[in-house]
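Notes follow once the structure below has been shown.
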Amino acid sequence: MIGEEPWRPYERPPLSKEVLWDPKGSTDELFLHEEAWYEKNRIDLRLGERAEALDLSAGAVQLQGGKLVEADRILLATGGAARRLNMEGADAVNLHYLRTLGDASRMAADLTDGARVVIIGMGVIGAEVAASALKLGCQVTAVEPLAAPMIRALGPQFGHWLGEEHRRQGVDTRFGCGVVAMKVVDERVTAVELDDGSQVECDAVVVGIGIDPEISLARDAGLKTSNGIRVDRQCRTSNPMVFAAGDVAEQDGFFGGHIRHETYQNASDQAAAAAMAMLGQEVDYHKPVWYWSDQFDLNIQFCGHIPMDAQVTVRGDMESNVFSAFFQSGGIIEGMLAINNARDMGIGKRLVERRLAADAASLADADFSLRDLLKAPR
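In the working numbering, the protein residues as written are 300 to 677.
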């Protein structure tokens, strides 16, 4: 197992939450296994080493420095690199990107009580860090060029709902605005200039504008790549000895086309499927995306996708922040959102995966048992 980071494998969802809340706390609970587990299971853990190239003719991975590690099967789980700003100040000491434990620790040092923090980009990472910074007593300004946070994932209706929740909690939201420049003094960003002519003074900046998949190993080895490393439903690349999983893998979309899923659950599930396939077992990895996000007192869960012609049905009271929403096309449930409603999502995931049909009136009725839909003949 080869990893460029110095830490053994760890959970990443807490980086935008618990690690920021308690930076001096123990990180032991983040790690997937104790160090001794790897030795006991005969796993050669090579940390702080970068894979530079795939030598597929020799059946080996070339490490930095030229050393070769021979392999019969290779799994690429290289993820992605945080997309960086292209302007003066992008490398300032108080400007932060979040991908690693080290990133989170450095960011936490700047998220102090009273600090003026600008969040650039309000996707999942930006929105979670905004909530965490507010929890820590920071003055938070959130900048997003689109009309609402997480709008690509949640759609306009629920993106705007989430934006209102951030405003209600105290975030200064600047939606529909982009960043045109940053003022830098002594290697620190002191103000961010927006395209509406306003300027926001700050003590720290957090950038969450997406990732660029780390496809260079695959691309340089001649494997098929596009917006990621192309894999089939056995997680196999265009070379039968090489597999890929997680954020970097571009797979057959559950609703057609090809897609990368940048979610914890996909990374976990697809890696397990890839391991089985590498051992010669039958695998057919093909499922709708499911993810969650925790912000303030909101547990946000989403499964599936929002079709272009979506009919949206809300179940429950949006003002109470306990509700679900279904996204249908031609009567088929293709997506589901659950807010503080894990019970509905437990059934909803199966409704989406089975592509079941339902009438909107039943879905909207909070007294109607969603489980009954699973019993209906297809």
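From the three backbone atoms N, C-alpha and C, an ideal C-beta is built for every residue, glycine too. Note that this is a predicted model, so its numbers are computed, not measured.
Same chain, Cβ closer than 6 Å to H557, five either side skipped, listed in chain order
Spatial neighbours of H557 in its own chain (CB-CB distance under 6 Å, excluding positions within 5 residues in sequence) are listed in chain order as E549.
Considering only C-alpha positions, which residue in the set A656, G647, F626, D666 is nearest to P455?
Shortest Cα-Cα distance from P455 to any of A656, G647, F626, D666 involves F626.
Enclosing beta strand (DSSP E) for D608 [first to last residue]
Note, D608: premise wrong, no beta strand (DSSP E); not H, not E.
Compare the C-alpha of V484 against each of A408, A573, N393 and name the closest.
Comparing Cα-Cα distances from V484 to each of A408, A573, N393, the minimum goes to N393.
In terms of residue numbering, what span does the beta strand (DSSP E) encompassing L591 cover?
Position check: residue 591 holds Trp in this sequence, whereas Leu was assumed. Note, W591: beta strand (DSSP E), 589–594.
Please state whether DSSP places L673 in a helix, a strand or coil.
Residue state for L673 is assigned as helix, using DSSP reduced to three classes.
Using CA coordinates, which residue listed in A544, T562, G630 is at the minimum distance from R398?
Taking only the C-alpha atoms, the option nearest R398 is T562.
Just how far apart, CA to CA, sit N385 and A391?
Within the model, the alpha-carbon separation for N385 versus A391 is close to 12 Å.
Where in the segment 489–569 do unbroken runs of the beta strand (DSSP E), each at least 3 residues long, occur, reported from the N-terminal end onward?
For the segment 489–569, whole beta strand (DSSP E) runs of length 3 or above, ordered along the chain, are 498–500, 503–506, 510–512, 541–543, 548–551, 557–559.
If we count the other Cβ atoms within 10 Å of its Cβ and call it buried at 16 or more, is V479 buried or exposed?
Result: exposed.
Which one or two residues does DSSP pair with H395 in a beta bridge?
DSSP output for H395 lists V505 as bridge partner(s).
Short of 8 Å in beta carbon distance, which residues of its chain neighbour H332, apart from the five on each side in sequence? Order them along the chain.
Contacts found: R307, P308.
For S628, the nearest candidate out of T326, N639, G603 (CA to CA)
Looking from the CA of S628, the closest CA among T326, N639, G603 belongs to G603.
For F474, which of helix, strand or coil comes out of DSSP?
Here F474 sits in strand by DSSP.
I think L522 touches S537, with their Cβ atoms under 8 Å apart; what is that distance to the nearest whole Å?
Contact check for L522 and S537: beta-carbon distance about 5 Å, within the 8 Å limit, so the pair qualifies.
Touching or not, the segment 504–512 and the segment 410–427, by the rule of three or more beta carbon pairs under 8 Å?
Taking 8 Å as the limit for Cβ pairs, the verdict is that the segment 410–427 does touch the segment 504–512.
Tell me the start and end of each unbroken beta strand (DSSP E) in the segment 419–466 that is at least 3 residues and wholly inside, in chain order.
DSSP runs (the beta strand (DSSP E)) wholly in the segment 419–466: 438–443.
P322: which of L461, G630, R405 sits nearest, CA to CA?
When each option's Cα is compared against that of P322, the closest is R405.
Output the distance between the C-alpha atoms of S448 and G458, rounded to the nearest integer angstrom.
One detail in the question is off: residue 448 reads as Pro in this sequence, not Ser. Those two C-alpha atoms are separated by around 5 Å.
Nearest CA to the CA of L453: which residue from R466, A637, P444, W320?
Out of R466, A637, P444, W320, A637 has the C-alpha closest to the C-alpha of L453.
Would D502 and A407 be called neighbours here (beta carbons separated by less than 8 Å)?
No; because the gap between Cβ atoms is not below 8 Å, this pair is not in contact.
Hey, quick one: how far does the beta strand (DSSP E) through E351 stretch, first residue to last?
Run containing E351: 350–354, per the beta strand (DSSP E) assignment.
Does the segment 537–546 come within contact of the segment 357–375, defined as at least 3 CB pairs closer than 8 Å?
Yes, the segment 537–546 is in contact with the segment 357–375.
Near G634, what residues of its chain come up, given a Cβ to Cβ distance below 6 Å and the 5 sequence neighbours on each side ignored?
Counting only Cβ-Cβ distances below 6 Å, and skipping sequence neighbours, we find G603, H604, I605, F626.
Could you give the residue range of the beta strand (DSSP E) that holds A637?
Annotation: the continuous beta strand (DSSP E) that includes A637 extends over 631–638.
If you pair each beta-carbon of the segment 565–572 with each one of the segment 354–371, do three or more pairs fall below 8 Å?
With a cut-off of 8 Å, the segment 354–371 and the segment 565–572 do not count as touching, because too few Cβ pairs lie within range.
Closest by CA to S315, which one among D409, E427, D531, A370?
The shortest Cα separation from S315 among D409, E427, D531, A370 belongs to E427.
Might you give, ordered along the chain, the residues of its own chain that have their beta carbon closer than 6 Å to the beta carbon of R535, omitting 5 neighbours on each side?
So the qualifying residues of the chain are F542.
What three-state label does DSSP hand M386 in the structure shown?
Looking at M386 - three-state DSSP - the assignment turns out to be coil, as it is neither helix nor strand.
Give a yes or no on whether the C-beta atoms belonging to G630 and A656 are separated by under 8 Å.
If you check the CB distance, G630 and A656 come in under 8 Å.
Spatial neighbours of D551 within its chain, please: C-beta separation below 7 Å, excluding the five flanking residues on both sides.
Close CB contacts of D551 within its chain, under the 7 Å cut and outside five residues either way in sequence, are with R532, H557, H585 (chain order).
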